[in-house]
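All remarks here apply to the structure that follows.
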Ligand code: ZN
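Residue numbers (our numbering): 5 to 137.
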């Protein structure tokens with residue numbers, strides 16, 4: 005793992021959350037992206053070396069929608085940047101971790117992503133992401 009690439013926060017109203025985080029961080033989001041495969045709209049803020057990703061559901065059945073129904077808004081995942089996501093998946097599976105999607109999928113912000121099951125990580129959802137070059 006190279007660094008914390010971003011921290012994902014589940015929100016129910018992206019516009020309001022954008023305003024709030026713009027106040028907290030002192031910058032506006034640098035991008036908003038509709039990730040249709042995940043049924044979410046995301047916005048990204050730069051904060052030094054890392055980023056904050058806000059995620060709002062666009063469908064009742066999305067993972068973010070279910071998360072908010074069960075737990076309310078809040079910290080959703082921590083994403084670590086990796087050099088080679090396929091190698092990391094093999095390494096972690098050999099250590100006994102359950103990977104939610106073994107075949108990395110395309111996520112927001114030009115990344116290949118996968119997740120470690122929260123049950124294997126103290127109930128924290130961990131995302132691995134690799135920049136698509
Ligand atoms: Zn993320």
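Just so it is clear, CB atoms sit at the ideal spot from N, CA and C, and this is done for glycine as well. Bear in mind the structure is a predicted one, so any value in this text is a computation, not a measurement.
Less than 6 Å between C-beta atoms, sequence neighbours within five positions excluded: which residues of the same chain meet that for residue 83? As a first step, residue 83 is located in the chain shown; it is residue number 79 there, counting from the start. Residues of the same chain with a CB within less than 6 Å of the CB of residue 83, apart from the 5 flanking positions on each side, are 9, 10, 131, 133 in chain order.
Would the C-beta of residue 57 count as close to the ligand ZN, meaning under 7 Å from any of its heavy atoms? On the chain shown, position 53 is the one that residue 57 refers to. Taken from the Cβ of residue 57, at least one heavy atom of the ligand ZN lies inside 7 Å.
Check each candidate in 52, 7, 79, 75 and name the one with the smallest Cα separation from residue 21. Locating residue 21 in the chain shown gives position 17, counting from the first residue. Distance check between residue 21 and each of 52, 7, 79, 75 places 79 closest, using alpha-carbon atoms only.
In the region 33–80, which residue ranges form an unbroken beta strand (DSSP E) of at least 3 residues, counting only runs that do not cross its ends? Within the region 33–80, the runs of beta strand (DSSP E) at least 3 residues long that lie entirely inside it are, in chain order, 35–39, 44–51, 54–61.
Contact under 8 Å by Cβ, residue 16 with residue 43: Position 12 of the chain shown, counting from 1, holds the residue named residue 16. Position 39 of the chain shown, counting from 1, holds the residue named residue 43. Against a cut-off of 8 Å, the Cβ pair of residue 43 and residue 16 comes out as no contact.
From what residue to what residue does the alpha helix (DSSP H) around residue 21 run? If you number the chain shown from 1, residue 21 lands on position 17. Segment 18–29, the alpha helix (DSSP H) holding residue 21.
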